[in-house]
Amino acid sequence: MPVITYVEHNGARHSLTLKPGVSLMQGAISHNVPGIDADCGGACACATCHIFVDAAWNDRLGEQGDIEASMLDFAEGVRETSRLACQITVSEALDGLVVHLPEAQH
Amino acid sequence: MADGSVPQSATDHARSIPLDEIDVSHPELWRTDSHWPYFERLRREDPVHYCKDSLFGPYWSITRYNDIMAVDTNHQVFSSEAALGGIAIVDQGADLRLPMFIAMDPPKHDVQRKVVSPAVSPANLAVLEPMIRERAAKILDELPRGETFDWVDRVSIELTTQMLATLFDFPFEQRRKLTWWSDIATTIPAEGMLVETEEAKLAILMECLGAFTELWNERVNAPPQGDLISMMAHAEATRNMSPEEYLGNLILLIVGGNDTTRNSISGSVYALNKNPDQYAKLRANQELIPSMVSETIRWQTPLAHMRRTALEDIELSGKLIRKGDKVVMWYVSGNRDDTVIAEPDRYIIDRERPRQHMSFGYGIHRCVGNRLAELQLRVIWEEILKRFPVIEVMGEPERVPSPFVKGYLNLPVRIPA
Ligand code: HEM
Ligand code: FES
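Protein chains in written order, with this note's numbering: chain H, 1 to 106; chain V, 1001 to 1417.
And the structure:
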C-alpha cells in the first residue's frame, strides 16, 4: 500500500500507509495529523485542507477542478503548488508522495 | 427539542398544520424559540419547501445539510447579488444599497475579499491575541460579584466592540459608536425603530463615513500597519475605492463581526448552564475550550440563514426552483440534521467533529472572520475559567425577533460572591 508523508510547518514528519481510494485529507484526519482542519468534511467548500505538493507529482495527482481553484483562491499563502487535500485520491501511483502543510488554515 | 423549552402547543401545531401553510420565517417563531418543530417536520417530509406567502414574500426553504451544501457551493446558479435582493430573506431595498462583497458575485467579490482576508488571517490574529486577552481580562475583572447583571451588555457587547476597535485601530474611547452604527445599518427604518426614515439612517451612516474617512487620510500617508483601514488604504485593489464602497466594506465588517460573535458569547454561557454536565466537563479539562467554542457556534447558529436568488431554473431534491426565486438556506436546520450530525439536538462539547457545522456557511462566501470569532470565544473562556468557578444564568433571555440574526437581547447572570 502507498506510503504518504505529511510534513508539518514546524518540520515534524508523519509517514502513513494509506488505503488506495481515501483522500489525502481523510488519510491525515484519520491518523490525527495536526494542521489539516477539513471543516467541510471533504466537500471542497472550506479550503481548510490546504497543502503544498511538489510540482514533480502534478501528472499523477489528477487535475485541479474549477471549484477547487475558486476555493483555493481564498486560502492564505497560496503558491503554485497549493492543492486541497480532500480533492486528491490516494493510489499506488502516489507511493512516496511528500506533502507540506501550511502554518495555519484560514 | 433543541433546548427542551418549546411549548407543547407549538409542537402540536407544527405537526398538524398543512405542509403548504408552514412559514418558518415569522419573527414570532424566533422570538419564542419555537421554530424547531417546524424545521424538524420539513427536514422529514418536505426538505425543499415552498412558502407562497410570508412577510418577506414567497421563498424556498432548504432545510437539509446536504441540500444546503449543494446550494452554497453553486454560486454560478445561486446568486448573492444585492440588486437581486441580496443575502437575507428580507430583500435589500433599492435605496441605500451600499456595495459590499458579501452581496456580490465573482469576479468583484473575489477581488475585495482578498484584500480584507489577511487582516483576519491566523498570522495577523496571533499578533492581536495578547491585546484581546488583556481587554477581556479587564472586562471580567470589573464584573460585580453576588448580584444579577446583564451578560449581553457587560461582556458580549463590550468584548466584541473592543475587538472591532482593535481591528480598525479606531479611537478606543469612542468604540460604542461602532455598535451604534452597526445597529443603525441593520435597522429597517419604520415608526418606533431606531431610525424612522431612510434620510435619518443615511445621515447617521454619513457620520460613520466621515469618521472613517479621517482615519483613512491619516493612515494613507503613514507606513502600512496591520489594521484594516491601513490595509485598505494601501492595497492595490482597494486604494481607489469610492466612498460608497469604502462605507460598504466598513459596514460589512462592523455588522459581520458584531451581532454574530456577541450572540455566540452569550450563547456559550446559556448553553453551558442548560447542560451542567458539559460545564463540569469543561471546568475539569480546559483543553476542551476550542471544541466547546465550535460546538457553541453550531448549537447557536448566530445567523439562522443566508439567502440566494436563482439565476436559472434548477431542480433540487425533486423540486423545480425557477429563475428569480428566493432561496433560503436554513443553516439553523442543517445544523440539526441527524443524517449528518449525530445527536444534533444535544450540546456535546467534546463531540467527534465539532468544526463540521454550517454556521459559517460554505463555498466562496464562507465567513472570512471565522478564526477571529473563534479566537474571541476561546480567549474569553480561558480568562473566565481562571477567575470564576461558575457563571449562573438567573432567568431566561429575551430573544431577537428575527429569522436572520439568531440571538439574545439580554441574559441575566450572577457570579457568586
Ligand atoms: C460566530 C461568529 C460569526 C458567524 C456565525 C458568521 C457567519 C457568517 C456567514 C454564515 C457568512 C456567509 C455569508 C454568505 O454565504 O452569504 C459570513 C460571511 C462573512 N463574515 Fe462572518 N460570521 C461570524 C463572525 C465574523 C467576524 C468576527 C467577522 C469580522 C471580521 C465576519 C465577517 C464576515 C465577512 C466580511 C463575510 C463575507 C464573506 C464573503 O462574502 O466572502 N464574520 N459570516
Ligand atoms: S475539507 Fe473542506 S475543502 Fe477540503
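Don't be surprised by glycine CBs; every beta carbon is placed ideally from N, CA and C.
- Task: Report the option in H:His106, H:Glu92, H:Leu24 whose CA atom is closest to the CA atom of Val53 of chain H.
- Result: For this step, residue 53 of chain H is matched to residue 53 along the first sequence. Closest by alpha carbon: H:Leu24.
- Task: Classify Ser1156 of chain V as helix, strand or coil using the three-state DSSP reduction.
- Result: As a working mapping, residue 1156 of chain V is identified with position 156 in the second sequence. The DSSP-derived three-state label of Ser1156 of chain V is helix.
- Taking Cβ positions only, does Gly1004 of chain V come closer than 8 angstroms to chain H? Walking along the second sequence from the start, residue 1004 of chain V turns up at place 4. Low confidence applies to Gly1004 of chain V: its pLDDT is 49, below 50, so where it sits in the model is not reliable, and the reading given next is rough at best. Not an interface residue.
- Quick one: does Thr1187 of chain V have its CB under 8 angstroms from some CB of chain C? The question asks about chain C, but that chain is absent: this structure's protein chains are H and V.
- Message: Looking at chain H, is there any beta carbon in it that lies within less than 8 angstroms of the beta carbon of Met1231 of chain V?
- Response: Here residue 1231 of chain V is taken as the residue at index 231 of the second sequence, counted from 1. Taking 8 angstroms as the threshold, the shortest C-beta distance from Met1231 of chain V to chain H does not fall below it.
- Task: Just mark Met1163 of chain V as buried or exposed, buried being the case when its beta carbon has 16 or more other beta carbons within 10 Å.
- Result: Within the second sequence, the letter at position 163 stands for residue 1163 of chain V. Buried: at least 16 other Cβ atoms inside 10 Å.
- Query: What residues match up with Asp943 of chain V in a beta bridge as DSSP calls it?
  - Reply: Any question about residue 943 of chain V goes unanswered here, given that chain V covers just 1001 to 1417.
- Query: What do you get for Thr1260 of chain V, buried or exposed, if any count of 16 or more other CB atoms within 10 angstroms of its CB means buried?
  - Reply: If you number the second sequence from 1, residue 1260 of chain V lands on position 260. Looking at its Cβ environment, which holds 16 or more other Cβ atoms inside 10 Å, Thr1260 of chain V is buried.
- Message: Tell me the rounded alpha-carbon separation between Arg1399 of chain V and Glu1028 of chain V.
- Response: For the purposes of this step, residue 1399 of chain V is taken as residue 399 along the second sequence, with counting starting at 1. For the purposes of this step, residue 1028 of chain V is taken as residue 28 along the second sequence, with counting starting at 1. Their backbone Cα atoms lie some 10 angstroms apart in a straight line.
- Query: So, is the C-beta of Ser70 of chain H closer than 8 angstroms to a C-beta in chain V?
  - Reply: If you number the first sequence from 1, residue 70 of chain H lands on position 70. Cβ-Cβ to chain V under 8 angstroms: yes for Ser70 of chain H.
- Message: Whole angstroms are fine: how far does the CA of Val1327 of chain V sit from the CA of Leu1055 of chain V?
- Response: Translated into positions along the second sequence, residue 1055 of chain V becomes position 55. Translated into positions along the second sequence, residue 1327 of chain V becomes position 327. If I take the Cα positions, the gap works out to 15 angstroms.
- Proximal chain H residues relative to Ser1121 of chain V, where beta-carbon distance stays under 8 angstroms: Your numbering for residue 1121 of chain V matches position 121 in the second sequence. Residues of chain H whose Cβ lies closer than 8 angstroms to the Cβ of Ser1121 of chain V are, in chain order, Glu76, Ala104, His106.
- Task: Please report how far the alpha carbon of His1305 of chain V lies from the alpha carbon of Tyr1065 of chain V, in whole angstroms.
- Result: Taking the first residue of the second sequence as position 1, residue 1305 of chain V is located at position 305. Taking the first residue of the second sequence as position 1, residue 1065 of chain V is located at position 65. When the Cα atoms are used, His1305 of chain V and Tyr1065 of chain V turn out to be separated by approximately 12 angstroms.
- Query: Should Glu1236 of chain V be labelled buried (16 or more other beta-carbon atoms within 10 Å of its own) or exposed?
  - Reply: Along the second sequence, one-based indexing puts residue 1236 of chain V at 236. Its Cβ having fewer than 16 others within 10 Å, Glu1236 of chain V is exposed.
- Same chain, Cβ closer than 7 angstroms to Ala47 of chain H, five either side skipped, listed in chain order: In the first sequence, counting from the first residue as 1, residue 47 of chain H sits at position 47. Around Ala47 of chain H: Met71, Leu72, Phe74, Ala75, Leu84.
- Roughly how many angstroms separate the alpha carbons of Ile1254 of chain V and Val1405 of chain V, rounded to a whole number? If you number the second sequence from 1, residue 1254 of chain V lands on position 254. If you number the second sequence from 1, residue 1405 of chain V lands on position 405. Going from the Cα of Ile1254 of chain V to the Cα of Val1405 of chain V covers about 14 angstroms.
- Short-range partners of chain V found in the stretch 32–47 of chain H, where Cβ spacing is below 9 angstroms: Residues passing the 9 angstroms Cβ filter: Asp37, Ala38, Asp39, Cys40, Gly41, Ala43, Cys44, Ala45, Cys46, Ala47.
- Whose C-alpha, out of H:Ala93, H:Ser82, H:Gln87, is nearest the C-alpha of His100 of chain H? Counting from 1 along the first sequence, the entry for residue 100 of chain H is found at position 100. Just measuring C-alpha positions, the residue of H:Ala93, H:Ser82, H:Gln87 sitting nearest His100 of chain H is H:Ser82.
- For the alpha helix (DSSP H) containing Lys1319 of chain V, list its first residue and its last residue. Locating residue 1319 of chain V in the second sequence gives position 319, counting from the first residue. Looking at the DSSP string, Lys1319 of chain V is not in any alpha helix (DSSP H); the run it does join, the beta strand (DSSP E), is 1319–1321.
- Starting from Thr89 of chain H, follow its DSSP beta bridges and name the residues at the other end. Translated into positions along the first sequence, residue 89 of chain H becomes position 89. According to DSSP, which records beta bridges pairwise, Thr89 of chain H is partnered with H:Ser23.
- Task: Give the residues from the stretch 51–63 of chain H that approach chain V closer than 8 angstroms (Cβ to any Cβ), ordered along the chain.
- Result: For the stretch 51–63 of chain H, the set of positions with a beta-carbon nearer than 8 angstroms to some beta-carbon of chain V is empty.
- Message: 8 angstroms is my cut-off, CB to CB: does Leu1019 of chain V come that close to chain H?
- Response: For the purposes of this step, residue 1019 of chain V is taken as residue 19 along the second sequence, with counting starting at 1. False, the Cβ-Cβ gap to chain H never drops below 8 angstroms.
- Tell whether a beta-carbon distance below 8 angstroms holds between Arg1043 of chain V and Thr1063 of chain V. As a working note, residue 1043 of chain V is residue 43 in the second sequence. As a working note, residue 1063 of chain V is residue 63 in the second sequence. Yes, the Cβ-Cβ distance between Arg1043 of chain V and Thr1063 of chain V is below 8 angstroms.
- Task: Kindly examine the ligand FES and report whether one of its heavy atoms sits closer than 7 angstroms to the Cβ of Cys86 of chain H.
- Result: Residue mapping note: residue 86 of chain H aligns to position 86 of the first sequence, counting from 1. Yes; taking the cut-off as 7 angstroms, the Cβ of Cys86 of chain H has a heavy atom of the ligand FES nearer than that.
- With 8 angstroms as the threshold, decide whether the Cβ of Asp73 of chain H is near any Cβ in chain V. Position 73 of the first sequence, counting from 1, holds the residue named residue 73 of chain H. Yes - at least one Cβ of chain V is within 8 angstroms of the one on Asp73 of chain H.
- Check: Ala1373 of chain V C-beta below 7 angstroms from any heavy atom of the ligand HEM: Residue 1373 of chain V sits at position 373 when you count from the first residue of the second sequence. Under cutoff, so the answer is yes.
- Query: Less than 7 angstroms between the CB of Gly1361 of chain V and some heavy atom of the ligand FES, yes or no?
  - Reply: As a position in the second sequence, residue 1361 of chain V is number 361, starting the count at 1. Result no, Cβ not under 7 angstroms from the ligand FES.
- Candidates V:Thr1296, V:Asn1410, V:Ile1022, V:Asp1325: which alpha carbon is nearest Arg1346 of chain V's? Indexing the second sequence from 1 puts residue 1346 of chain V at position 346. Ranking the options by Cα distance to Arg1346 of chain V, first place goes to V:Thr1296.
- Message: Can you tell me where the alpha helix (DSSP H) holding Val1255 of chain V begins and where it ends?
- Response: By one-based count along the second sequence, residue 1255 of chain V stands at place 255. Unbroken alpha helix (DSSP H) run through Val1255 of chain V: 1243–1256.
- Task: Could you tell me whether any non-hydrogen atom of the ligand FES is closer than 7 angstroms to the CB of Gly41 of chain H?
- Result: On the first sequence, position 41 is the one that residue 41 of chain H refers to. For the ligand FES, at least one heavy atom lies less than 7 angstroms from the Cβ of Gly41 of chain H.
- Item | Secondary structure of Ile1102 of chain V, DSSP reduced to three states | Position 102 of the second sequence, counted from the start, is the residue given in the question as residue 1102 of chain V. In the structure shown, Ile1102 of chain V sits in a helix (DSSP, three-state: H, G or I).
- Would you say Ile1341 of chain V reaches chain H, if we count a Cβ-Cβ gap shorter than 8 angstroms as a contact? Taking the second sequence and counting its residues from 1, one reaches residue 1341 of chain V at position 341. Not one beta carbon of chain H lies nearer than 8 angstroms to the beta carbon of Ile1341 of chain V.
- Which same chain residues, not among the five before or five after Cys1051 of chain V, have their C-beta less than 6 angstroms away from its C-beta? Within the second sequence, the letter at position 51 stands for residue 1051 of chain V. Hits under 6 angstroms: Asp1023, Tyr1059.
- Item | Uninterrupted beta strand (DSSP E) stretches inside the stretch 1020–1052 of chain V (no shorter than 3 residues) | Qualifying beta strand (DSSP E) stretches, in chain order: 1048–1051.
- Query: Considering only the beta carbon of each residue, do Gly1407 of chain V and Ser1266 of chain V sit closer than 8 angstroms?
  - Reply: Position 407 of the second sequence, counted from the first residue, corresponds to residue 1407 of chain V. Position 266 of the second sequence, counted from the first residue, corresponds to residue 1266 of chain V. A contact, by the Cβ cut-off of 8 angstroms.
- For my contact list, Ile1157 of chain V and Arg1262 of chain V are in at a C-beta cut-off of 8 angstroms; report their separation, rounded to the angstrom. Position 157 of the second sequence, counted from the first residue, corresponds to residue 1157 of chain V. Position 262 of the second sequence, counted from the first residue, corresponds to residue 1262 of chain V. The beta-carbon distance between Ile1157 of chain V and Arg1262 of chain V, rounded to whole angstroms, is 6 angstroms. This is short enough to meet the 8 angstroms contact definition.
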